[in-house]
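Protein chains in written order, with the numbering used here: chain A, 1 to 291; chain B, 1001 to 1372; chain C, 2001 to 2272. Quick reminder that beta carbons are idealized off the backbone N, C-alpha and C, glycines included. None of these values were measured; they are calculated from a predicted model. Presented below is the structure to which this report refers.
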Amino acid sequence: MAAVAADATGVAGADARAQRATRGLRSAMAQVGALSGRSVRNIWRQPQVWIPSIAFPLMFAALNTAALGRVPGQIADQSGGTFHPFGPRDVYLDFLFVATLTQGVLFGGLSGGSELAQDIESGFFDRLVTTPVRRASILVGRLAGSAVLGGVQALVFMAVFLAFGARVQGGLAGAVVLPLAAMLLALTIGGLACAMAIRTGSVEAVQGVFPLIFITLFISSAFFPTALMTGWYRTVATHNPLSTMINGMRHQVLVGFDLAEAAKAVLVPGGLATLAIVLCLVSLRARLAQR
Amino acid sequence: MGDLPIEASGLVRRFGDFVAVDRVDLAVRSGEVFGFLGPNGAGKSTTVRMLTTLLTPTEGTARVAGYDVVREASKVRRAIGVALQDAAIDPLMTGNELLRLQAALQGIPRSAAARRGAELLERVGLTAAGDKRVGAYSGGMRRRLDLALALLHEPRVLFLDEPTTGLDPSSRLNLWEEVRYLNSELGTTVLLTTQYLEEADQLAERIAIIDGGRIVREGRSGDLKAEVGSPTLRIELADGDGVAAQAEAALAPFGEARPCEAGFVAVGLSGGAARMAEVVRALDEVGVTVAGMELHNPTLDDVFADATGRRLEGAAEDTGPDEAGPGTMGSDGSDGRGSGAGAGPGGDGAGPGAGVGGSAAAVSAGRRRGRR
Amino acid sequence: MTDAAAVADVGRQDHGDLTGDARVWPVAAQLARRSIVLITRLPSAFIPSVVFPLFLVIAFSGSFDGLSRVAFDNAMSWYAPLAVIQGCAFVGVGAGFAASREIESGFYDRLLLAPTPAVSLLAGPALATALRSIVPFTIVIVVALIGGAATPGGPLALATVFVAGLGTALVHTFWCLGLAYRFKSQRAAPVMQIGVFLTNFLATAQVPLGLMTGWLHTVARFNPMTNVFRLGRAGWIGEVTWGDCWGGLLALAVFIALSFWFARRGLTKMVP
């Protein structure tokens, strides 16, 4: 009798735990949903945040295409048609597509961190952490805005480049890889910016990351093939993880869909995003421990 | 226009459709401290910016130190010293560096500048801090440095735009002392803008009250207060605004209604304190319960209220101790300066300062006065 | 002193007439001195004008090294003058930023209230810009020479690029001061920065005219900055010839005059 009662109690306890877990998950989802919605809305309501991250890369793309448009053909001609570092079609616009996308996402991704730093400066962050909301929900919610912006940027850039004659040789499968990689890259940058925001609480410090991102982008295969670089610069650019990601994405555009290259395009930013989010959570824990 | 250090006639400044300064006439006499009193946004700083050549008037003319502020701007600049609002001083520079820069800007020879700079730093008590960056200065130190910079070239006319805004009481008193010294010892003509009633009352021989870009009253502090006439009886209604109409009707025979905040009624009590008991009876007869009463002599705030129908912003904090306190009538001196305001309780005209029901404001006023 | 001023003087005791006519150069020198001193006090405002050209010369010559196969012989020689000119332009932009900041904080009122000719308020920053321009020039040239830049024109190559950089710095100083006087706030900053990018990158900043296509080729052909780059690269890409220099010198002279007029007019509009 006692055993039956104990069993019954155990079953009831397990049920209660399961119910609590379900409730907890629902509540966490609701929190993430609400905070993500706020983050996306905030970005949307500040055109000064998202317009430059779309307009400036496109402006540079127009400039670079007009400046360097002849280069792929000339290089190929010099080698007697055997060397195509800009892709089989020798079209700089195709080559530049992924660079523009990456540039836009890197700059736009900073907005998540800047927004969080603004929340910290304004005291809104304190209000959030004094509520029973999960700490991780705050971060995921904040980063969702950056990821959505990254995906939207990828689609806008794709539309513009296709309209101007670029081709995605990888077809639909290749085209899907690009926004996916863009969103993961946005999460990486957003995560790093958020970690910086949490550590410093300063919008200025977050925006101070900008030159570093610019340097990382430039010393990569983004704007020119590493095959045409020399010396230490080539070594650094070749080993830059951004180059690995860019080359994976670019393969979908210039050559065609390839699973191994697609994996590089997605796993590199995915891994970096995971690291960035962990860094964020550690920073948050450290910040809250200081209170 | 006559030969006055500061004269303005029909001065107007518009920003788009907004009229910041509307037909302002000014005549500041030589050796005088002239107070320009008004709430935030009244047009004080805009007027000062026009008089100091930083802003071109939309209409009207002004002469400072005998020169036209538009046509002879450079001569005006040579004759004036200006300490602008917020003491805009580069926080990265040291006091001495700023003095050297100011000397160059004023065309003062280097040797004279060094001597004069040292004298001024000593005068404003900043000799030890001369080589420190201004960023490390307190608010009071910045204002004093700003004043020293404004005085470096021994100006004939000094403009001080809200010189004590944001300062603690002790720094404010120090700065007042400086202004008094400049005026009484050196004869410098001073135009001072302020939103503090007490400051205007303490320092200025004559005051212009500005509101909505227009000068609504001008004259000696004492004269302005006298124009308001009878002391104000402010009555707190136990039942709030609901009985205000009844109360006002009952008070009508005692004098004209005066503006006041919600939950109170106020009347200019003809006959003074002697009639307070009558007032209580009259209110009692119409069923109005009095929570508290306070009689005070006319203040600059009353002058402002009389002219505009509103109280000066922040007047409650500012006038509490020294102006609105009971029993200041008679101790105020006719020129509105010196020990007048806040000279202590129990003047000769308003014995029962806090009559029926007492007054927290009056009590706190007494305490604050004691501290000064 | 007029009679009126004499009347105004009544009541003063023993006031010596300290104020004289503030002349242009002492005031300009004092303002320039302040600007130089502030480098050490607010390095964050100056660091970009050092780091950015350094990055530019390394990143461009590294990324576009492959262009030496089709466009020029030595990428470092091509991009070093760009980095100097761009760096100097940003020194000029810095003067505009500083003026915007000081107008917003009210400090600039102190300068406007001085009985000094308005031109000294322009000459001061211009003098400071000239001095500050030495920093990006020196750093870029040292890095470029270490990094393998060739100067077929010999020491004259240093003179051409310095003149091009200095002239560009002055143009941007006056242009940005003019913007600061009109905007009267730091909102002018993006306009100032974009001005540098547009004028430079719509010229032969990145690649030679012959490599450009379409609209950019047309714009760059008529953009006077193309002449300035030609001046700056004289001695770096081939010998120094008068043919490479005169166009840039003329463009700089005209633009310095125009931007000075723009700034002077802005200042006059700001105060009577």
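Kindly identify the DSSP beta-bridge partner or partners of residue i.
i               : result
D1211 (chain B) : B:R1214
I1080 (chain B) : B:V1157
L1192 (chain B) : B:G1035, B:L1160
L1374 (chain B) : Outside the displayed range of chain B (1001 to 1372) lies residue 1374 (chain B), so it cannot be described from this structure.
L1011 (chain B) : B:V1024
R1206 (chain B) : B:F1034, B:R1220
Y2079 (chain C) : In DSSP, Y2079 (chain C) forms no bridge with anything.
A1266 (chain B) : B:R1234
D1068 (chain B) : B:R1063
A1042 (chain B) : Answer is none; A1042 (chain B) lacks a bridge partner.
F2260 (chain C) : According to DSSP, F2260 (chain C) bridges with nothing at all.
I1006 (chain B) : B:V1028, B:V1064
R1133 (chain B) : B:T1094
A1257 (chain B) : B:V1267
V32 (chain A)   : V32 (chain A) is not bridged to any residue.
So which of the options has the shortest CA-CA distance to residue i?
i               : options                            : result
C2088 (chain C) : C:A2164, C:A2029, C:P2152          : C:A2164
F86 (chain A)   : A:T65, A:Q103, A:T102              : A:T65
F1304 (chain B) : B:R1172, B:A1103, B:A1208          : B:A1208
Q1246 (chain B) : B:T1047, B:I1210, B:C1260, B:D1284 : B:D1284
Q1202 (chain B) : B:V1279, B:A1291, B:P1109, B:T1299 : B:T1299
L2111 (chain C) : C:G2153, C:I2047, C:V2024, C:Q2186 : C:V2024
S2077 (chain C) : C:L2177, C:M2270, C:I2237, C:D2244 : C:I2237
R1310 (chain B) : B:V1243, B:G1229, B:D1211, B:Q1195 : B:D1211
Q2186 (chain C) : C:G2248, C:A2095, C:G2124          : C:A2095
Residue range of the beta strand (DSSP E) that residue i falls in?
i               : result
R1063 (chain B) : 1059-1064
Under a CB-based cut-off of 8 Å, is residue i close to chain B?
i               : result
R1998 (chain C) : In the structure as shown, chain C begins at 2001 and stops at 2272. Residue 1998 (chain C) is therefore absent and cannot be evaluated.
V2271 (chain C) : yes
T2138 (chain C) : no
R2265 (chain C) : no
P2125 (chain C) : no
V2007 (chain C) : A caution first: V2007 (chain C) carries a pLDDT of 33, below 50, which makes its placement in the model unreliable, though a value can still be read off. With 8 Å as the cut-off, V2007 (chain C) counts as an interface residue toward chain B.
Output the boundary residues of the alpha helix (DSSP H) element that contains residue i.
i               : result
H2172 (chain C) : 2156-2183
M2225 (chain C) : 2224-2233
T1232 (chain B) : Looking at the DSSP string, T1232 (chain B) is not in any alpha helix (DSSP H); the run it does join, the beta strand (DSSP E), is 1232-1237.
G1271 (chain B) : Element bounds for G1271 (chain B): n/a, residue is neither H nor E.
R1100 (chain B) : 1095-1106
I2047 (chain C) : 2043-2063
P269 (chain A)  : 259-289
P179 (chain A)  : 171-200
F125 (chain A)  : 124-129
M245 (chain A)  : 241-254
Chain C beta carbons: is any one of them nearer than 8 Å to that of residue i?
i               : result
R1337 (chain B) : With a pLDDT of only 31 at R1337 (chain B), under 50, the local geometry of the prediction cannot be trusted, and the value read off the model is given with reservation. So no, R1337 (chain B) is outside the interface.
D1017 (chain B) : no
M196 (chain A)  : no
I75 (chain A)   : yes
T1194 (chain B) : no
G69 (chain A)   : yes
S1045 (chain B) : no
M183 (chain A)  : no
F223 (chain A)  : yes
L254 (chain A)  : no
R1115 (chain B) : no
I51 (chain A)   : no
Should residue i be flagged as near chain A, meaning a C-beta pair shorter than 8 Å?
i               : result
L2082 (chain C) : no
T2213 (chain C) : yes
Taking contact to mean 3 or more Cβ pairs, one atom from each stretch, closer than 8 Å, check whether the stretch 74-83 of chain A and the stretch 150-165 of chain A are in contact.
Fewer than three pairs of CB atoms, one per stretch, sit closer than 8 Å, so the stretch 74-83 of chain A makes no contact with the stretch 150-165 of chain A.
Any contact between the stretch 87-102 of chain A and the stretch 2222-2230 of chain C? By contact I mean 3 or more CB pairs, one from each, below 8 Å.
No, the stretch 87-102 of chain A is not in contact with the stretch 2222-2230 of chain C.
Are at least three pairs of beta-carbons, each pair with one atom in the stretch 1228-1240 of chain B and one in the stretch 1282-1300 of chain B, less than 8 Å apart?
Taking 8 Å as the limit for Cβ pairs, the verdict is that the stretch 1282-1300 of chain B does touch the stretch 1228-1240 of chain B.
Determine contact between the stretch 1129-1142 of chain B and the stretch 1089-1101 of chain B, defined as no fewer than three beta-carbon pairs at a distance below 8 Å.
A contact exists between the stretch 1129-1142 of chain B and the stretch 1089-1101 of chain B.
Are the stretch 2142-2162 of chain C and the stretch 2043-2058 of chain C in contact at 8 Å, needing three or more beta carbon pairs?
Yes: the two stretches touch, three or more of their Cβ pairs being nearer than 8 Å.
Check whether the stretch 174-182 of chain A touches the stretch 1014-1030 of chain B, counting contact only when three or more Cβ pairs, one atom from each stretch, lie closer than 8 Å.
Put simply, the stretch 174-182 of chain A does not touch the stretch 1014-1030 of chain B. Fewer than three CB pairs are less than 8 Å apart.
Count the CB pairs spanning the stretch 1104-1124 of chain B and the stretch 1149-1157 of chain B that are closer than 8 Å, and state whether there are at least three.
Because the criterion of three Cβ pairs below 8 Å is met, the stretch 1104-1124 of chain B and the stretch 1149-1157 of chain B touch.
Quick test of the definition: if touching needs 3 or more C-beta pairs under 8 Å, does the stretch 128-135 of chain A touch the stretch 207-227 of chain A?
Contact between the stretch 128-135 of chain A and the stretch 207-227 of chain A is absent: fewer than 3 CB-CB pairs across the two stretches fall below 8 Å.
Can we say the stretch 2091-2101 of chain C touches the stretch 2172-2183 of chain C, given the rule of at least three CB pairs closer than 8 Å?
Touching, per the Cβ criterion.
When you compare the stretch 1167-1181 of chain B with the stretch 273-289 of chain A, are there three or more beta-carbon pairs, one atom per stretch, that lie closer than 8 Å?
No, the stretch 1167-1181 of chain B does not touch the stretch 273-289 of chain A.
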